[in-house]
Every structure is written in structure tokens, then in C-alpha cells.
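Please read the structure below before turning to the comments.
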Amino acid sequence: MTQNPSALDPKKSFQGLILTLQTFWARQGAVVLQPYDMEVGAGTFHPATTLRSLGKKPWKAAYVQPSRRPKDGRYGENPNRLQHYYQFQVILKPSPDNLQDLYLQSLAAIGVDSVLHDIRFVEDDWESPTLGAWGLGWECWCDGMEVSQFTYFQQVAGVECSPVSGELTYGLERLAMYVQGVENVYDLNFNGLDGDARISYGDVFLQAEQEYSRHNFEAADVKKLFGDFERAEAECKALLAFGERDDKHLMVLPAYDQCVKASHAFNLLDARGVISVTERQSYILRVRELAKACGAAWLKTDGAGLVG
Amino acid sequence: MSDLLFELFSEEIPARMQAQAAADLKKLVTDALVERGLLYEAATSFATPRRLTLHIVGLPPSQPDQREEKKGPRVGAPEAAVAGFLKSAGLASLDEARIDTDKKGGQFYVAVIEKKGAPTLDVLAEILPATIKNFPWPKSMRWGAASAEANPLRWVRPLHAIVATFGPETEEPEIVPFEVGGIKAGNVTFGHRFLAPGALKVRRFDDYVSKLYDAKVVLDPARRRDVILHDCKDLAFAQGLELVEDEGLLHEVAGLVEWPVVLMGEFDAGFLDIPGEVIRATIRANQKCFVLRDPATGGLANKFLLVSNVLASDGGKAIAAGNGRVVRARLSDALYFWQTDQGPLPDFSASGKPPLDQRLEKLRALNIVFHAKLGTQGQRVDRIIALARELAPKVGADPEKAARASELAKADLVTEVVGEFPETQGLMGRRYAELQGEDAEVAAAIEEHYKPQGPTDRIPNAPVSVAVALADKLDTLVGFWAIDEKPTGSKDPFALRRAALGVIRIILENGLRLRLADLIDGALAWHLTEPDPEIDALSAREYLMTVKHLDIAVGLAKRRRTERGEIVAPTGEGYLRAAGVEGELKAFFADRLKIDLRDRGARHDLLDAVFALGGDDLVLIVRRIEALDAFLKTEDGASLLAGYKRAANILKAEEKKDGGGAFEAAPSGDLLVEAEERALFAAMETATAEADAALKAENFEAAMQALSTLRAPTDAFFDKVTVNADKPELRKNRLSLLSKLRRAIHLVADFSRIGG
Ligand SMILES: Nc1ncnc2c1ncn2[C@@H]1O[C@H](COP(=O)(O)OP(=O)(O)OP(=O)(O)O)[C@@H](O)[C@H]1O
Ligand SMILES: [Mg+2]
């Protein structure tokens, strides 16, 4: 097989764009992690962000996170909204003074030319009611398209961030559409090859989008999901109780997984439209309670940098 | 005189906060200066996405000197008192104090403290950092490593640089020496983020503005708005289109750019099937772009205008194309929502009812809470149906249509489009109703029942719309009054003032002869009666309407069920509240009406004069005010008022002596001795009878005309007759005559409240 540079070119291949971002942030000293192996709505849920953003210990990480948003399913018919898509997540603690510049440099690295495109920081204060987290920042626009979320975390899991982390979340498909100049996400060139060897985003994901949209809106078993939620909630609490040791905690991460599970069950139920407005609030609160308890437990571990 | 240039350069400031922040900056700094005796000639402030700038002109170089005299203890006072005095006055010894003598010859010390005014530069060095530290951002944040320390600097977004220069126009200004959050004030700022990112060394405002302009930053937001509006109109005109102007959006986009460049984008004409309001809402909310109208069709064009922050090297082609792509994706979502709403709803389609009815079923099934104490949206819909049906005949509407429109009025709240764009509520309901073949009046009422939304909004006048609009608003008002959630001060979270004004406007503009008390009781009854097989709700309701005994309704409430099915007895407080609602709400309506009429130019004393009569038929109240206003402008009216005042003043004075009500008895004909008093008496007989008859016929002009015949006899009476006659019985009779005159005039309005 001959070497094909397009396979790594961020302007020609989806994978090239991911690799370029990884390289860029690795050069900035970030730990390049792999995706968390659970269903999450956003890269923020990865413990490398939620939990690591708590406590004093400096931290820099970057990773791709497959993100599931059941409600965003469009049966493969929307040009840029997917119920499963890839986020590229960067978390830097403490937030560096030149974070905006670094972000713009990373865009330049993947071929977004700021002389040709209109890049904008538009107010979008981020809040995750389920995570008990909020921060101030922007959605970053490229020619009117929201391609990233940029946040200075102020609070996570109910805990004041000290110091504040900077979080960048790139919407990879939308960025790739820009640099590749395609109108529809499914037309993205995934591997950068031409002719028969070309694999498009649609080749990889179109069928999945159709099937999961059906699943999310029509088929997901509501009763089972309510059960999933209850069980995950109970398990999370049980594990937190199990790990409690005076001023230390020995079982935060497994407990946190259950919090993530409850959150996803809730998202699916929400997509099925079976949660009323009042109930919705109480489910959100229940997940938040779990997240807060996990955050508090995390602060008692070495990971937070307070102990040992 | 010297000028200050002060700039705070940060990461992007939210557009919606910029104007207030610029105003706050100016106020905080100038107030602090004035407080320290530093007056200035002029101050202006500006904001861009990345900077807040303040320019103050004409400050003196230093504060005025101050001289203060401080009185001390007597000469020879104990040592401790002397020491305290010296310390507080800052004197080294008593030699520095003066000795004064008071009136009684006692001698005491006086310290003269002279304070030299500090240089303005020093004062600024104290004021400016304090302003930054205490800036009233609606939301502020911490950042960077410093955020882990105690009391870090907070700003709306990370703050990067500060310019603060001060000096006379003719000299090189000085840098105000201060540092805050590790940032030292200096004379360096930066140009446009992409077009000219370099550092700019500035001296004072003039060169600052022009250097920024050269570095592609238009400092003044008003100027950026002008550029945008002007270019938008030009571009639209060139394509034969019209800009759909949007003041709010214009302000917002001007806050998103430092160098505005307007570009035109395009989307597939097929999307024009989506209702124009939805297209506009989508493009506005998500993309912050302006839409265009095609004068040929009257509808929207498949073009839009975007405001870019850069002058791109390809003239903006890529930017316009990129925005077009996003707009297309958004419209594709909107189209998806719009079509989904027209189809069957999973889990609710079994009934085979039309799409909007399925949404209503979902609304009911979800038990969406309207307000914790007022039940669900479904219950609210039921009340509105009942009330609208009842109001319909009174406003000339078909009760069945009013009921149907009420039934569907809130169904669009669970549609996808309204979920995404709440501002399209009502309108979407109407569209979907039309699509499922509802009656045209019903469909229109679904949209119009929310109207009027504000003082400039259209008032519904189609009878079905009127019935539903009144029912909706009355239900809300009565409900919130019943649970004691009334507007207070500037707080009116449920927009109750707007609802009350809406009711007033609808009644007046349509000339509806409805009594507020009936409207309130009618709506209240549906709040108090809950469907319950044990209770014959309607008869109890009728009872309530006829005998107005709220305890009947409370009797119903007593048997109301809680969620758990227990029977709850009403508390005494609940009873009192129910009984108080009618009175309080009537007073609230009266207040709103007064404010509304005053805003539209009515004299407030005339409002008081008419409102003093009571009454709750708004149409009559307003007609009476109008007639009164017209009457007082005539000569007859003016002099009748003068006669009235004279009579009233005399009565007031004499009532003080004889006691209130002393002259209420009818004057006796036998005791009328003078021709003039007999004439007034006779004139009053006819005038009152005529005025009475006219009032019964609701002809206020005629009533006032009738009273105006009293003018001549009243004038003659005062000319010729001595009221305070020597004979007590004559005096009393004459005063009774005046009292009768006062009562007669009060038939049309309380003239005592009318100003001179
Ligand atoms: N459903 C989706 N499909 C594809 N990309 C998405 C989707 N949702 C969000 N993104 C992209 O991921 C980035 C980060 O996600 P974020 O959590 O900010 O999404 P969001 O603000 O909820 O998006 P939106 O407002 O478009 O729904 C966004 O800036 C956007 O580019
Ligand atoms: Mg976002």
C-alpha cells in the first residue's frame, strides 16, 4: 500500500482533523486520553473533566468523546444534527491566560483561516443542571455555525472550582464540514481517500442515525428505562456509602459511573417524551444530587490533590 | 483642564450587557470624582465586544483645598480631653491651636485643619481600581491561577489590559498609576482580533479613537448600528427587497462586532413553505441574522443579511456561504418540526382525532403544571372553556365556537415549533387549526386570545377572539389573586398588570357593556368549583352569581379534594381571601384604567372625580370622563364648577360649626324668602329630574347640560342672597339648599375632586 497523505490531512479527512487536534494539544502538554467507555451526552461527563476539574492539582487533558443526545435524532435527515456525534474535549486547569489564542491557533492548525472566515465568541453561559455545574464563556461561531463551546468552569458537581479550569469542546463534525467545505455531514470524507477507497461519514454512521432515531423516539422501552434510572441511582448511593472512610474516599469512580448511567437513562426518557415538566425537574435534581455526592467524595481522594 | 482616557480590555463581553456596563462605568467614576470635589465638563462611555471605554473631559489638575475648623475643649480642661483633641485634630501641641472666646466669656481651643487638595491623578489612582473591583456585572467570573486565591479579581470575562491616561490637551498625558489583579494600567491597547491584532500605544481620546479605527475597531456602538442599518438597507434595496427591521437584533449584532461588514446569504426557496414567523424566529434566535421581505409577494424572501466581524480576503464569499449552510440546517430543523406537528403524535394518535387535538390530549396527559397552586394546564383549559362559553353571548360570539377555540388555545404549547420558539405560541396554534379545517373564527381566536401583548399590540375585535381573550386573562387574574400572588412594586412575574390592561382595552375598544364584578365573580366561580360528582357545581355557581355569597363557593371548596383524596376544610384565611378577591381586583382594574387613561392624556382630577362615584362598567366610566372633560371646557361648565366650589366651601366651613351632615335635610319651600333662592330651588327641581332621566339613559352630555341650567340661578343666588342670615332657620335652610345643589352636581361627578 502506498502512503496517502490525504488520510492525515485535516482538510481532507475527518480522521485527519481529529489526529491534528490531538497532536496540537499534545504539544501543549495535554495528556491525550481515549474516550470514556460509557454513554454520555457530552465530553464534560468524562471523569477526566468532571472529577479532575475539582481540587487544586493542575491538569491538562484532551480526548475525543462520542456524545449521545437521543433528542437530537433526526433519522439521518438533518445536515448537521446527530444523536451520536464526536466531541473533542480539552480541559486545562488552571485556565491559561492565552486560552483564546490557543483555541484560535488550534483552529488554524486544522485549516480554519481567520482571514477568510468569521470567527466569533458569542455569549453562552454553560450550565449543566444534572451535573450541578456552571461556567461562563461562549459558543464559538465559524461563519454563523456553532463549532465549539468555550467555558471557564466556576462550579462543578456543586463545588466551587479552585482554581478555575478552561474547557474547550469542539463539535468535530461541524468543524470538518467547514474545512472540507461540504453541505451535509454525511458527505464528509472520513478517511481522506478517493474513488472506491473513499469512506464517507454516511458510510459509517447513516444507518446508525436512522436506527437510533427510531429507537430513541419510538422503541426504547420506557419501563425498562425508568427501572435503569432507579437502579443506577440506588447503586451510586450504595457505592458512595461503601467507599466512605472518614476523611478519605475509596470508591468514587465506580459510583460516578452510575451517576452517568442515570443521566443517560433520563435523556432517553426525555426523548421518548414521557417525562412531564414537573417530573423533569425532579429527575434533574436527582441526578444532580448524585453528581454532587460524587464531587464531594472526589475531593477526599488523591486525584483532587488535597490528600497525600 | 485635563482629560481622562480609561479603557478596560477583556475577552468578549456579552452583547446584552454592554450598554449597561458602559453606563455604569461612567456613573461610578464620575460619581466618585464629584464626591471627592472633582467636577468635570463632560463624560462619555462606549462599549465594543472587547472593551469598555470612558472619556472624561475638563477635570481640574487637583481637588480644591479644604479648610475645616474644629472646636476643642475649654482652656484648662483636664489633660485627657486635651490629648484627645490634639490627636483627633492631628496637632502636635496646643501651640498650634487658636483660642476663641464664647458668648459667656469662656475660652476654648480651636484647631484649624487645612487640607491641601490631592492631585487628581492620585484621586484617580484610588477611584479607578476600586471601580473595577466593585463593578456591578450581572454575572462575573474568576479565571486563571489567581482564581484559587482568596478574593481574586472578578470580571465579566478575563480582563487583559487597562489604559488609563490623564493630562491636559497640550501636554503628554500621564499614566494613572495603579494595578489591579496583576494588571498594570498603561497606555497600550489592541486592535481588531483578526484584522489588526497588534498593540497600539495611545495618548488621549482623539488619537485613541482614530488609531482604533485604523486598527478596524469602531468604538461607538451607535455608529456601528448606523453602519449596519444603512448597509442592510442598501443591500436589500439592490436586490429589490425590503429589510424587516428589528431594533433588538440590531443592538445585539452591533455588540457582537468591532468592524461590521454586512453580507447577504441565501437559502433554498422551498423553505418558504414554513410560516414566515418561524423562519424569522429561527434565523433571528439562532443565527442573529435579519430576514428580508419580498415586496412582490408580501412574504419573506429566501435571502437574509448577516453581520460579519471581518472583511474577508475573498470579499465574504466563504462567510456568506457558511452562514447559508447553517441557516439551511436550522430551517431544515424548523421544517421538520413544522411537519411533525401536522402529523399524528405517537402514543396519542389512537383516538383518531385531528393533530392539534392530539397535542391537547398530550398537554392534559402530561399534567403540565400551570402554577403549583392553580393546577395543571389541562384544568386551566377547562376553566377557560367554561368561562368563554359563558362570556360568548355577552360579546356577540357563538358559545360553541368560543368553547372550541378555548379548547385548542393552549394545545400548541406542546408542539415542536413552539417548544423551540416560544414566541410563536398562538400563531402556531392558529396555523395548525387552519390546517385541520377548524372554523376561521376559531382559528383566529387561538392566535388572538393572547392579545394585546403590549401597549402597541392590536386589540382583538372578532367576537370569538374577544370571548377567549377575556376568559384567558380573567382566569389568570382571578387565580393569582385568589392565591395571593399579586404584583408588587416592579415585580410582576406573571404579567398580571398586562393582563388587566388587556381586559380593559378589549372592553373599551369594543364598547362592551360588562360589569367588572360580574366578570370577576364569573371567573372566580370556576376556580372555586371543581368537577366533583357529589356537587352540583352549576347550581352552586348560579347561587354565587345571584346572591353573591362567597360562602357558598367556599362550601364547595370545603369539599375539594387534595391530591391524596382527603377532604380538606377551608381555612378562615382562605375564606377571607376568596371574599376579598372581588374588591381587590376591582381596585386593581381601577388603578390600571386610571394609569392607562392618564397615559393617554386624560386629566387625573377628572378621573378621580368620576372614579369617586364607584361603578364598574368601564365603558360608562370612560364616557362619563369624556363628557365631563368636554363640559368643563364650556363656559357653562366652568362657571358651574366655580359656583359649586363656592357652595362647597361655604358648606365645609359651616359644617365645621354645626357638624357634618347638619344640612342634609331637604330645604323647606316655606322658608325661601328671596326671589333668587326660590328660583334656584325651582331650577334645581327640574334640573335634577332631567339629569336623572338623562343618566338613566346613559346620556352624560344631556345630564351635564341639564345641570348647566343651574349656572345662572346659582350665580344670582350668590349675588343677592346672604347665606349666613341672622335668622338661624333661614341660615339653615339656605345651607340645605346649597347642600342639595352639591348633591345634584355629584350625580354626574364628584366635583370636589376637580382642580380649579
Ligand atoms: N446534535 C449535534 N450534532 C452534531 N454536533 C453537535 C450537536 N450538538 C452539539 N454539537 C456540536 O458540539 C459542540 C459542543 O456541544 P454543546 O454541548 O455546546 O452543544 P449545544 O450547545 O447543546 O448545541 P446546540 O445548541 O447546537 O444544540 C457544539 O458547539 C456543536 O458544534
Ligand atoms: Mg453550545
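Chains as they are written, first to last, in my numbering: chain P, 22 to 329; chain G, 568 to 1323. All C-beta atoms, glycine included, are put in the ideal place defined by N, C-alpha and C.
Of the listed residues the options, nearest to residue i (C-alpha basis)
i, options, result
"G97(P)", "Y222(P), D164(P) and Y124(P)", "Y222(P)"
"Y676(G)", "T668(G), K682(G) and I1312(G)", "T668(G)"
"E739(G)", "G672(G), K751(G), S660(G) and S569(G)", "S569(G)"
"G326(P)", "L29(P), A69(P), K77(P) and P56(P)", "K77(P)"
"D1383(G)", "E1015(G), R1025(G) and R971(G)", "Here chain G covers residues 568 to 1323 and nothing more, so residue 1383(G) does not appear."
"K282(P)", "R89(P), E60(P) and G37(P)", "E60(P)"
"K1153(G)", "E825(G), G1181(G) and A1250(G)", "G1181(G)"
"V776(G)", "T756(G), V794(G) and P764(G)", "T756(G)"
"A692(G)", "E635(G), V596(G) and R790(G)", "V596(G)"
"T151(P)", "G324(P), A318(P), A314(P) and L306(P)", "L306(P)"
"R1170(G)", "D1183(G), K1200(G) and D1184(G)", "K1200(G)"
"K1018(G)", "N869(G), T991(G) and R603(G)", "T991(G)"
"I795(G)", "H818(G), A1049(G) and A1246(G)", "H818(G)"
"T907(G)", "N869(G), M1251(G), I850(G) and V985(G)", "V985(G)"
"F772(G)", "R847(G), L902(G), F573(G) and L867(G)", "F573(G)"
"S660(G)", "G639(G), G672(G) and D689(G)", "G639(G)"
"E741(G)", "I729(G), G749(G), V747(G) and N754(G)", "N754(G)"
"E1202(G)", "L1274(G), V1288(G) and A896(G)", "L1274(G)"
"F904(G)", "I1188(G), G643(G) and I846(G)", "I846(G)"
"V874(G)", "F1230(G), D1286(G), L823(G) and F838(G)", "L823(G)"
"V136(P)", "S880(G), L872(G), L930(G) and L839(G)", "S880(G)"
"G153(P)", "N25(P), C280(P) and L289(P)", "C280(P)"
"D1286(G)", "E1268(G), E1257(G), F1318(G) and A1242(G)", "A1242(G)"
Residues that residue i contacts on chain P, provided the C-beta gap is smaller than 7 Å
i, result
"R724(G)", "L157"
"D881(G)", "L137"
"I886(G)", "H138, D139 and D164"
"Q854(G)", "G165"
"N876(G)", "D139 and R141"
"L823(G)", "R141 and V143"
"L873(G)", "G165"
"A766(G)", "By Cβ distance, chain P contributes nothing, its closest Cβ being about 14 Å from A766(G), past 7 Å."
Proximal chain G residues relative to residue i, where beta-carbon distance stays under 9 Å
i, result
"Q231(P)", "Result: empty, since nearest Cβ-Cβ is about 14 Å, beyond 9 Å."
"D291(P)", "Within 9 Å Cβ-Cβ: nothing; D291(P) doesn't reach chain G, min ~12 Å."
Contacts that residue i makes with chain G (C-beta to C-beta distance below 8 Å)
i, result
"P100(P)", "R892, R895, A896 and S899"
"V228(P)", "Residue identity check: residue 228(P) is Gln in the sequence provided, not Val. Going along chain G, no residue has its Cβ under 8 Å from Q228(P), so there is no contact; the nearest lies around 19 Å."
Chain-ordered neighbours of residue i on chain P, where CB pairs are closer than 8 Å
i, result
"A712(G)", "P115 and P184"
"G889(G)", "H138, D139, C163, D164, G165, M166 and Y199"
"Y676(G)", "Going along chain P, no residue has its Cβ under 8 Å from Y676(G), so there is no contact; the nearest lies around 56 Å."
Within chain G, the residues that residue i reaches when beta carbons sit closer than 7 Å
i, result
"R95(P)", "Y903"
The region 689–709 of chain G: which residues have C-beta closer than 9 Å to a C-beta of chain P, in chain order? K706, S707, M708 and R709
Do three or more CB pairs link the region 1298–1306 of chain G to the region 1154–1164 of chain G at distances below 8 Å? no
Short-range partners of chain G found in the region 140–157 of chain P, where Cβ spacing is below 8 Å: I140, R141, F142, V143, E144, D146, G156 and L157
Where the region 57–89 of chain P meets chain G: residues whose CB sits under 7 Å from a CB there: K77
Closer than 9 Å between beta carbons: that is the criterion. Which residues of the region 166–180 of chain P meet it against chain G? M166, E167, Y173 and Q175
Give, in chain order, every residue of the region 203–214 of chain P whose Cβ lies closer than 7 Å to some Cβ of chain G. E204
Contact between the region 650–662 of chain G and the region 828–844 of chain G: three or more CB pairs below 8 Å? no
Closer than 9 Å, Cβ to any Cβ of chain P: which residues of the region 571–597 of chain G, in chain order? E578, E579, I580, P581, A582, R583 and M584
Name the residues in the region 232–256 of chain P whose C-beta lies less than 8 Å from a C-beta of chain G; which are they? F238 and E239
Taking contact to mean 3 or more Cβ pairs, one atom from each stretch, closer than 8 Å, check whether the region 1306–1316 of chain G and the region 1201–1216 of chain G are in contact. yes
So, do the region 640–648 of chain G and the region 615–631 of chain G have three or more beta carbon pairs nearer to each other than 8 Å? no
Should the region 161–170 of chain P be regarded as contacting the region 879–899 of chain G, the criterion being three or more beta carbon pairs within less than 8 Å? yes
Which residues, taken in chain order from the region 740–761 of chain G, show a beta carbon closer than 9 Å to some beta carbon of chain P? R760 and F761
Near-chain G residues of the region 116–130 of chain P (beta-carbon distance less than 9 Å), N- to C-terminal order: S116, P117, D118, L120, Q121 and L125
Assess contact between the region 742–753 of chain G and the region 721–730 of chain G, defined as three or more Cβ pairs (one per stretch) separated by less than 8 Å. Is contact present? yes
So, do the region 174–190 of chain P and the region 108–118 of chain P have three or more beta carbon pairs nearer to each other than 8 Å? yes
Taking three-plus beta-carbon pairs below 8 Å as touching, is the region 25–39 of chain P in contact with the region 250–258 of chain P? no
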